[in-house]
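According to the working numbering, the sequence shown is numbered sequentially starting from 1306.
Ideal placement from N, C-alpha and C gives every residue a C-beta, glycine not left out.
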Amino acid sequence: MRGLRDKTILVAGGGTGIGAATALRLGAEGAVVIIGDYDAGAAQSVAEQVVADGGRAQGAGFDVRDRESVASLIRLALEPSGEIDGVHINVANMAILSRDEDVVATDLSVFDATMDVNLRGHVCVTQLAIPHLLKSGGALVYTTSEAAYLSEPTRFSYGITKSGINALMRHVAIRWGREGIRANAVAPGFTLTSAIDAHISDELKAEFLGNIHSPRLVSPDDIAATVAFLMSDDAASINGQVINVDGGRILRA
Ligand SMILES: NC(=O)c1ccc[n+]([C@@H]2O[C@H](COP(=O)([O-])OP(=O)(O)OC[C@H]3O[C@@H](n4cnc5c(N)ncnc54)[C@H](O)[C@@H]3O)[C@@H](O)[C@H]2O)c1
């Protein structure tokens, strides 16, 4: 893809799953990848993998709920070149999903904890990244979800945060587009990360496959490829969009 080589790109939430796959893909495209994750060890090990594959990367722990911690990650990303050319905001509190029921059954503490990471955290990274992206003419790519569109009987907090991310992304796109910042989002459908693969049955996988219009389930590499494209100069005229990577899940006959 054009325009990724030697660019500094921050992946916030890149220690595992989709974020890790994206960091590896960006590294393979020649970008200098800064990987931040709550799990510092996971971030460092993804960075080591990028380097082992011939790329350049650095990993660090951070907590998206803590503004100073986000600021410190941004400072780390500025170290290689003094510029940040792209930010992928991918963090989500996935561990809490099993307690995110319907709006009546769900304790407000679950709602608050989901908001803190999935929405307030995205706002915080956006706030601190934009001054640097204005200097570089950089791109922001958020990870949203099909949950922003689907009508779901549970995980209502999660769906609200993903709809909120879409609104935040469009706000950034229209507010700063003419000044050179592009903001877009990738909306994964059910994506078979290794963590999910280890925990679900073959029957459930078959059920998810039955919901889509593709011969196989979505992989983290599919999402990574889309993020890399949206970051690249090949996507120079794409701004304010949500790209569904869901195997055709939202198609209706
Ligand atoms: N896997 C799917 O089926 C799927 C579907 C739709 C959307 N998504 C979205 O894709 C993104 C990645 O999901 P994934 O399946 O790879 O999950 P994941 O749990 O592997 O990735 C989320 C990352 O965020 C990090 N994180 C959580 N809280 C944090 C905090 N407070 N500070 C910093 N980092 C924190 C985690 O440590 C983890 O590495 C999420 O935004 C998720 O909502 C995933």
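Rounded separation between residue i and residue j - CA only
i       : j       : result
GLY1319 : LYS1440 : 24 Å
HIS1518 : SER1377 : 43 Å
THR1498 : LYS1510 : 12 Å
GLY1335 : VAL1408 : 45 Å
GLN1432 : ASP1527 : 28 Å
TYR1343 : ARG1361 : 21 Å
GLU1484 : GLY1442 : 7 Å
VAL1550 : ALA1503 : 22 Å
VAL1392 : ILE1339 : 9 Å
GLN1363 : GLU1457 : 38 Å
ARG1307 : PRO1385 : 20 Å
LEU1473 : VAL1532 : 17 Å
LYS1312 : ALA1382 : 11 Å
ASP1539 : ALA1490 : 16 Å
ILE1379 : VAL1396 : 15 Å
PRO1525 : PHE1495 : 10 Å
TYR1454 : ASP1368 : 28 Å
HIS1476 : VAL1428 : 11 Å
GLY1552 : TYR1463 : 21 Å
LEU1514 : VAL1430 : 34 Å
Classification of residue i by the beta-carbon crowding that lies within 10 angstroms, buried from 16 upward
i       : result
ALA1326 : buried
ARG1330 : buried
ASN1516 : exposed
GLU1512 : exposed
ALA1478 : buried
GLU1451 : buried
ALA1328 : buried
ARG1557 : exposed
SER1403 : exposed
GLY1387 : exposed
GLY1324 : buried
GLY1332 : buried
Nearest residue (CA-CA) to residue i, options the options
i       : options                            : result
TYR1447 : ALA1529, ASP1371, LEU1329          : ALA1529
THR1466 : GLY1426, GLY1442, PHE1495, ALA1434 : GLY1426
ALA1418 : HIS1437, ALA1434, PRO1436, ASN1398 : ASN1398
ALA1488 : SER1537, PHE1367, PHE1461          : SER1537
ARG1554 : ASN1544, LEU1522, ALA1533, ALA1333 : LEU1522
ALA1492 : GLY1482, ASP1507, ASN1544, SER1468 : SER1468
GLY1346 : VAL1396, THR1321, TYR1463, ASP1358 : THR1321
LEU1486 : ILE1505, SER1542, SER1462, THR1459 : Position check: residue 1486 holds Ile in this sequence, whereas Leu was assumed. That would be SER1542, whose Cα lies nearest to the Cα of ILE1486.
LEU1438 : ASP1371, PHE1513, ILE1389          : ILE1389
MET1420 : ILE1470, ALA1444, TRP1481          : ILE1470
ILE1314 : GLY1545, ARG1460, LEU1445          : LEU1445
ASP1405 : SER1350, VAL1355, ILE1435, PHE1461 : PHE1461
GLY1341 : VAL1375, SER1506, VAL1356          : VAL1375
VAL1355 : VAL1316, PRO1436, TRP1481, GLN1546 : VAL1316
Host beta strand (DSSP E) of residue i (start-end)
i       : result
VAL1446 : 1444-1448
GLY1391 : 1391-1394
ILE1548 : 1547-1550
LEU1315 : 1313-1317
Boundaries (first-last residue) of the alpha helix (DSSP H) holding residue i
i       : result
ILE1528 : 1525-1536
SER1499 : 1499-1504
ASP1507 : 1507-1515
Min CB distance residue i to chain C below 8 Å
i       : result
LEU1438 : In summary, chain C is missing from the structure at hand, where a single protein chain is found.
### Query
At what residue ranges does the stretch 1328-1387 contain a whole run of the alpha helix (DSSP H), taking only runs of 4 or more?
Listed in chain order, the alpha helix (DSSP H) elements of length 4 or more contained wholly in the stretch 1328-1387 are 1345-1357, 1372-1383.
### Task
Please list the segments of the alpha helix (DSSP H) lying wholly inside the stretch 1412-1497, counting only runs of 4 or more residues, in order along the chain.
Complete alpha helix (DSSP H) runs here, min 4: 1413-1420, 1426-1441, 1461-1481.
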